[in-house]
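Each number in our numbering corresponds to the 1-based position in the sequence shown with 167 added.
Glycine is no exception: its CB is placed at the ideal position from the N, C-alpha and C atoms.
Each remark here refers to the structure printed beneath this line.
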Amino acid sequence: MSDYESIHGTRVKYLTSDPTLESSYEGQVWYNSTSGTNKALVQIKAWSSGGTMGTARYALGSATSGTQNAALGFGGAVDPSPAHMTATEEYSGFNWNSTGNLSTARRRLAGAGTQTSALAFGGAVTPGNTNSNATEEYGGSSWTAGGALGTARFSLAGAGTQTAGLAFGGGGGTSTEEYDGSSWTSGGALNTGRSNLGGMGTQTAALGMGGYGPGALSFTESYNGTSWTALNALDLGRYNAGAAGIQTLGIFYGGFGATALLNQTSEWDGTNWTTSSATMASPKSNIGGAGTFTAAVSFAGNPPGAGSTGTEEYNSNINAFTAAAWTSGGNMPKPKYNQAGAGTQTAALSSGGYNFTDNDGQPSIEYDGTSWGNSASLRAGSDNYAAGFGSQTAGVVAGGYQGGANAQTEEYNGSSWSTANNMSTARFQGGSGGSGILTAGLVSGGRVEPANSNAVEEYDGTNWSSGGSLPIALHDGGTFGTQTASVYVGGTDNLSPNVSYSHTLLYDGSSWTSGNNFFRPNFNSDGGGTQTSAVMCGGRTSAPGAGPPPLTTSPVSGGMTAEWDGSNWVSTATLSTFRQSTTMAKNGTTSAGLVFGGNDGSAPGSRNQTEEYAGVTETITASTLTTS
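The structure is reproduced here in structure tokens:
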């Protein structure tokens with residue numbers, strides 16, 4: 168009998184724990200002496216079962232820029248009839264949840280965007296499977312009408328985002344159209360007319376492949392925002408297949424081939440297509456898809472039956488990822504918003520605030536990771552819009568609104584508040600809060616009535632001194648970080664109409680510089696973390712007006728969550744409870760964030776809900792083997 172080494176050329180390693188992610192590789196086998204088990208890494212390229220959709224269907228639309236853990240499927244059909252559908256579902260990486268229905272029932276439609284910001288366009292509607300030019304925009308919970316396609320069609324492909332979408336092919340044609348968030352305009356025509364093709368990428372860097380014309384086509388073309396260029400052909404001609412990836416790196420899977428249904432996966436490296444070793448559990452066509460070259464999801468389709476609820480996940484990584492998520496924490500004793508915040512996920516402090524039923528913002532409360540308690544009143548009783556920083560047992564509240572802007576400062580020791588020296592500038596809405604600790608804090612901008620302020624003040628635990636001014640007078644920006652490494656995101660001015668900003672401003676202890684912009688203009692949000700690692704959530708945007716682009720008309724975007732790595736913003740798990748004027752634990756992290764209070768933009772709409780954030784986690788994909 169041969170041993171493992173003689174067969175594979177490597178020994179079975181004897182370890183007290185599983186190897187780290189960095190040292191792992193496909194085919195590695197080891198004995199874990201702690202658990203008493205033999206283990207090995209699973210195949211790098213493989214499809215596995217995912218959560219079941221609530222509604223069986225095929226020929227649906229999907230958000231092409233979605234991810235394996237944040238996908239969106241909408242519309243489609245189910246036999247007999249076929250019955251056209253409006254149903255929309257969101258995938259979390261674990262399960263599907265129903266959300267707002269499309270206004271127009273249709274099948275063989277196309278999509279673009281993400282789980283929380285998607286487009287649905289074209290398709291076939293009843294009676295008689297008539298071509299549709301309808302466009303709908305999804306905001307994370309419901310659909311609204313968008314600008315109509317110039318050419319009504321079904322069996323088309325989509326790519327891009329909600330505000331920069333791309334529609335191409337369909338009905339055997341070559342037509343390409345570009346969407347700017349309100350209307351479609353003509354783009355460069357495909358070189359080969361076709362329907363039922365696949366698409367991925369962006370409006371200015373898209374890939375179109377396969378399709379029907381008649382028969383299964385293998386043509387591949389790339390779009391640069393102006394024209395299409397023919398590239399190397401598919402390894403397997405197919406149509407009605409699923410797609411995931413970008414213009415230069417993606418996969419194309421399932422669909423109809425020349426003579427039969429397919430379960431094969433084709434990989435695109437930017438130059439050539441190759442057939443992957445990974446195959447889907449069963450051949451399927453008319454499927455939805457989203458994700459990347461290494462982590463994709465396939466859902467719905469046919470067969471089996473007349474529409475499927477099945478979901479499969481594709482991974483080409485030895486590591487498994489658990490999606491970021493918000494979970495419910497203990498509710499606050501009463502709803503309130505615009506309170507000052509400090510601390511961490513398991514030791515947070517909320518001070519002051521306001522609601523629509525009373526003006527009692529005085530009590531401060533503490534969170535222990537499970538529940539809120541230990542109320543202590545502020546001495547000054549600032550009820551609204553104060554800035555906060557520090558910890559649960561060494562917190563600071565500065566400024567706020569009490570019949571007008573004030574400059575008061577108070578310190579908390581874990582049981583009671585004491586009066587400290589005032590700021591030089593009376594203000595409220597100084598960011599969504601401050602930055603730093605009790606002995607090294609920062610308050611930036613705010614309202615001084617009737618104008619905004621760009622003044623920055625630094626606190627040393629005793630006195631306030633002037634810091635480097637913000638480049639523009641703003642209030643209600645999201646803030647986090649330290650006194651010498653702070654971040655100010657978004658904010659709004661005091662013009663008519665108010666304009667919100669998308670900038671990310673970085674403070675080094677003396678001056679501000681610009682980092683990469685946030686996804687959209689935003690204010691009344693808040694963040695927690697450091698200048699190089701943070702999470703921000705909630706907020707809203709204002710109506711268009713004077714100010715830097717981009718500007719949007721969307722009033723409330725309070726489900727938004729994004730992570731900051733010091734250079735870029737990445738969208739992540741949506742809040743369960745939409746909110747603006749909310750507060751985060753300032754010393755939270757991307758793996759342990761906390762948000763509490765806020766309002767939904769209505770009167771009364773104050774929130775008392777608390778949510779806890781956990782970022783993406785990564786684990787080794789090891790399987791336990793028998794001792795034989």
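Counting C-beta pairs with one atom in each stretch, the stretch 226-236 and the stretch 268-287 have three or more that are closer than 8 Å, which means they touch. The Cβ neighbour count for Y258, taken over all protein chains shown within 10 Å, is at least 16; the residue is labelled buried. The three-state reading of DSSP puts S738 in strand, counting E and B together. The C-beta of D627 has fewer than 16 other C-beta atoms within 10 Å across all chains shown, which makes the residue exposed. The Cβ-Cβ distance between T728 and C704 falls below 8 Å. If the five residues before and after T494 are omitted, its C-beta is found closer than 6 Å to the C-beta atoms of E779, all from its own chain and listed in chain order. If you draw a straight line from the Cα of T442 to the Cα of E785, it comes to about 27 Å. Spatial neighbours of G409 in its own chain (CB-CB distance under 6 Å, excluding positions within 5 residues in sequence) are listed in chain order as Y420, G421, I454, G456, S465. Residues V179, K180, Y181, L182, D185, P186, N205, K206, A207 of the same chain have their beta carbon placed closer than 8 Å to that of W197, with the five preceding and five following residues left out of the count. The Cβ neighbour count for G437, taken over all protein chains shown within 10 Å, is under 16; the residue is labelled exposed. Taking all protein chains shown into account, N363 has 16 or more neighbouring C-beta atoms within 10 Å of its C-beta and is therefore buried.
Burial state of V563 is buried, judged by a 10 Å Cβ sphere holding 16 or more other Cβ atoms. With respect to the 8 Å criterion, S773 and Y504 are classified as neighbours on the basis of their beta carbons.
Straight-line spacing of the CA atoms in G555 and N236 works out to 34 Å. Under the DSSP assignment, Y198 falls in the beta strand (DSSP E) whose first and last residues are 196-199. Nearest Cα to W631 within the set P638, A622, I639: A622. Going by C-alpha positions, A487 is about 19 Å away from G417.
Residue burial annotation: T756 is buried, with at least 16 other C-beta atoms found within 10 angstroms of its C-beta.
In terms of CA proximity to D347, G392 leads the group F386, G392, T341. The C-beta separation of G510 from A701 comes to about 15 Å, leaving the pair out of contact by the 8 Å criterion. According to the DSSP secondary-structure assignment, T234 is paired through a beta bridge with A237. Judged by DSSP secondary structure, I418 falls within the beta strand (DSSP E) whose first and last residues are 416-420. Considered as a whole, the stretch 636-671 harbours 645-649, 652-656 as its complete beta strand (DSSP E) runs of no fewer than 3 residues, in chain order. Distance check between V610 and each of A463, F647, N580 places F647 closest, using alpha-carbon atoms only. For L374, the enclosing beta strand (DSSP E) has its first and last residue at 373-376.
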